[in-house]
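This report refers to the structure that appears directly beneath it.
In our numbering, the protein residues as written are 49 to 196.
This is the structure in structure tokens:
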């Protein structure tokens, strides 16, 4: 999560480095606000997962904590899964949460758009795979339905 947010901070700066262009400033603000909202949703999902697992922070320990306490079928895990999926979904910008993407890509300079359109999606996909694969392996049927 920290690496993804550090990448996002650099992306905000890149999207707004042409300060005199009004569209670039608007794109930077939209990107900053939407990404901030998605990060808060993602952190809220992590907090649900942290609380349900008994206070573990390592992914394998989260799985062991959920299995040992029989919490893997609880509504808290479903809520955590939804929040984490929505938070990462904003970073990936799939169909329901893609409203900010055209504005940011239109207002940013062309080299920045090329960089943002590829690397941000790769980073978010990698983190989604890492996060959704390990702690939620026991509820794979549910999160496959969410992602389809």
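For each residue, glycine too, the CB sits at the ideal point set by N, CA and C.
For residue j and residue i, the rounded distance between their alpha carbons
| i | j | result |
| --- | --- | --- |
| residue 140 | residue 177 | 12 Å |
| residue 134 | residue 66 | 31 Å |
| residue 70 | residue 154 | 11 Å |
| residue 58 | residue 87 | 15 Å |
When the options are compared against residue i, the one with the closest alpha-carbon
| i | options | result |
| --- | --- | --- |
| residue 55 | 73, 172, 142, 89 | 172 |
| residue 164 | 61, 87, 49 | 61 |
| residue 181 | 57, 51, 132 | 132 |
| residue 90 | 170, 128, 162 | 128 |
| residue 105 | 130, 136, 49 | 49 |
CB of residue i within 9 Å of CB of residue j, strictly
| i | j | result |
| --- | --- | --- |
| residue 124 | residue 113 | no |
| residue 109 | residue 101 | yes |
| residue 63 | residue 152 | yes |
| residue 157 | residue 72 | yes |
Limits of the unbroken alpha helix (DSSP H) element including residue i
| i | result |
| --- | --- |
| residue 69 | Unbroken run through residue 69: none, as it is neither H nor E. |
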